[in-house]
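S.K.: Have a look at this one before I ask anything.
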Amino acid sequence: MSRYVFGPVPSRRLGFSLGVDIIPSKYCCYDCIYCQIGKTTNHGIERKSFFDPYAIVSEVIEKVSTSDHIDYITFSGSGEPTLNSDLGLMIDEIKRSVHIPVAVITNGALLSQDDVRKDLLTADVVLPSLDAVSEDIFRYINRPHLQIEIQSIISGLELLRKDYRGQVWLEIMLVKDINDDEEELGKLKEVIDLIHADKVQLNTVTRPPSEEITGRLTREELEKVCRFLGNTCEIISTFDKTPVQHEEQEWSRSVLDILKRRSLSLDDIVKITGVSFYKAKNRLMVMENEGDIKSYHFHDTIYYMIKQ
């Protein structure tokens with residue numbers, strides 16, 4: 000089982016994405032109410048060298064050599080990747096060795112720091128998030144570390160756009176009746192106009208979140224917001240690429256690798272592994288009976304997650 004690398008997994012933003020997890024589980028500067036991997040257990044803002052960066056790079060290179068179905072190598076996973084002080088080194092080493100674009104998914108909380116922005120300079124795509132501009136709504140949704148303020152995040156996004164020559168795709172996670180009113184959307188639009196992101200990508204709560212109070216917007220509501228935010232805005236579409244085929248003996252291992260980082264529906268697992276619906280369902284039943292995973296309902300869909 001891979002220690003740092005998972006996938007490739009289907010991503011609504013990045014196609015087939017090879018995930019690189021460089022942070023201990025749930026070490027993050029946020030504790031978002033919608034987070035699909037559960038509550039933050041280690042709330043921090045200090046950057047550290049958590050693991051051997053060259054071991055991570057070697058694992059990425061090995062995985063790339065055995066797969067033809069990778070659109071992006073993506074730093075994401077169990078926590079906030081910019082908290083790893085070796086991030087820039089790993090991006091550089093990967094880009095020297097393979098010819099697949101590198102993406103970094105970040106909550107953007109540390110972008111006001113010069114060293115963080117420097118680490119991101121050679122990435123092909125940086126995908127920060129901004130869910131609110133009002134301090135009270137920001138703190139309600141993202142539950143940041145006490146030393147983080149929304150204005151420093153906005154300043155960091157502006158500085159990133161000035162320093163960085165790659166693509167910036169800004170994600171906004173809309174939560175029903177919390178950050179989707181006209182006043183907050185108007186404030187978000189003002190900041191979007193300052194940042195000049197290449198894409199603004201609207202999302203809503205589609206996977207089981209860490210808090211039951213979170214709700215999702217309808218497609219029609221998202222389309223209305225998208226029109227308001229402007230031409231660079233898009234709704235993150237569902238994934239529709241051809242599945243990756245897995246050998247039978249690797250199936251359970253691959254699924255467990257991914258479930259360690261995110262919950263998946265049965266349809267997700269079928270797309271990732273390329274096996275039939277019924278075969279995947281039967282194997283998941285066995286894994287659940289063996290105590291490896293558990294299932295639960297969210298918005299009329301069954302999701303699977305690792306049993307802890």
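Going letter by letter, the sequence shown gives residues 0 to 307 in numbering that gives the first Met the number 0. The C-beta atom is built at its ideal place from N, Cα and C for all residues, glycine as well.
1. Quick one: Cα of D239 to Cα of L13, how far?
2. So, under 8 Å CB-CB, N178 and I136 are touching, yes? Tell me the CB distance rounded to an integer number of Å.
3. Determine the extent of the beta strand (DSSP E) in which I301 is found, giving its start and end residues.
4. Just the Cα atoms here: how many angstroms apart are S57 and Q112?
5. Taking the alpha carbon of Y3 as the point to measure from, which residue in P100, F15, D20, S16 has its own alpha carbon closest?
6. Give the list of continuous alpha helix (DSSP H) stretches no shorter than 4 residues that lie fully inside the region 172-238.
7. Which two residues bound the contiguous alpha helix (DSSP H) that contains T81?
8. Tell me, please, which residues DSSP counts as bridged to K47.
9. Could you tell me which whole beta strand (DSSP E) segments of length 3 or greater appear in the region 7-33?
10. For D162, count neighbouring Cβ atoms within 10 angstroms of its own Cβ and tell me buried if that reaches 16, exposed if not.
11. Taking 6 Å as the limit between beta carbons, can you name the residues of its chain near S48, skipping five residues before and five after?
12. DSSP state of Q146, grouped into three classes?
13. Check K94 in the structure and name its three-state DSSP category.
14. From I171 to S77, what does the alpha carbon distance come to, in whole angstroms?
15. Let me know if K62 comes out buried or exposed under the rule of 16 or more other beta-carbons within 10 Å of its beta-carbon.
16. Using a Cβ-Cβ cut-off of 6 Å (strictly less than) and excluding sequence neighbours within five positions of R46, which residues of its own chain qualify?
17. Which residue from V97, I99, H98, F74 puts its Cα closest to that of G87?
18. With respect to the alpha helix (DSSP H) encompassing I69, which residues constitute its N-terminal and C-terminal limits?
19. Determine the contact status of E79 and I22, defining contact as a CB-CB distance below 8 Å.
20. The beta strand (DSSP E) that contains A102, what's its start and end?
21. Counting pairs of Cβ atoms below 8 Å between the region 263-277 and the region 194-204, do you hit three or more?
22. Could you give the residue range of the beta strand (DSSP E) that holds I293?
M.R.: A quick look at the data gives this:
1. Against the sequence shown, residue 239 aligns to sequence position 240. Against the sequence shown, residue 13 aligns to sequence position 14. Here the model assigns D239 a pLDDT of 47, short of 50, so the residue's position is not dependable and the matter cannot be decided.
2. Taking the first residue of the sequence shown as position 1, residue 178 is located at position 179. Taking the first residue of the sequence shown as position 1, residue 136 is located at position 137. Confirmed, about 5 Å.
3. Within the sequence shown, residue 301 is the residue found at index 302, counting from 1. I301 -> beta strand (DSSP E) spans 300-305.
4. Start at 1 with the first residue of the sequence shown, and residue 57 comes out as number 58. Start at 1 with the first residue of the sequence shown, and residue 112 comes out as number 113. Taking C-alpha positions only, S57 is separated from Q112 by approximately 28 Å.
5. Within the sequence shown, the letter at position 4 stands for residue 3. Among P100, F15, D20, S16, the Cα nearest to that of Y3 is on D20.
6. 181-194, 218-228
7. Mapped onto the sequence shown, residue 81 falls at position 82. From DSSP, T81 is part of no alpha helix (DSSP H); its letter is neither H nor E.
8. Residue mapping note: residue 47 aligns to position 48 of the sequence shown, counting from 1. DSSP output for K47 lists N83 as bridge partner(s).
9. Fully enclosed beta strand (DSSP E) runs of 3 or longer: 14-19.
10. The residue labelled residue 162 in the question sits at position 163 within the sequence shown. Looking at its Cβ environment, which holds fewer than 16 other Cβ atoms inside 10 Å, D162 is exposed.
11. Residue mapping note: residue 48 aligns to position 49 of the sequence shown, counting from 1. Taken in chain order, the residues that qualify are S84, D85.
12. Locating residue 146 in the sequence shown gives position 147, counting from the first residue. Three-state DSSP puts Q146 in coil, outside helix and strand.
13. Here residue 94 corresponds to residue number 95 of the sequence shown, with the count starting at 1. In the three-state reduction of the DSSP assignment, K94 falls in the helix class.
14. As a first step, residue 171 must be located in the sequence shown, where it is residue number 172. As a first step, residue 77 must be located in the sequence shown, where it is residue number 78. Cα to Cα, the separation comes out at about 20 Å.
15. Here residue 62 refers to the residue found at position 63 of the sequence shown. By the 10 Å Cβ count, K62 comes out buried.
16. One-based indexing of the sequence shown puts residue 46 at position 47. Answer for R46: L82, S84, listed in chain order.
17. Mapped onto the sequence shown, residue 87 falls at position 88. Looking at the Cα atoms, F74 is the closest of the given residues.
18. The count along the sequence shown starts at 1 and reaches residue 69 at position 70. That residue, I69, is in no alpha helix (DSSP H); it is neither H nor E in DSSP.
19. As a position in the sequence shown, residue 79 is number 80, starting the count at 1. As a position in the sequence shown, residue 22 is number 23, starting the count at 1. Cβ atoms of E79 and I22: closer than 8 Å.
20. Counted from its first residue, the sequence shown places residue 102 at position 103. Residues 101-104.
21. no
22. To locate residue 293, count along the sequence shown from 1; it is residue 294. In the sequence as displayed, the identity of residue 293 is Lys instead of Ile. Element bounds for K293: 292-297.
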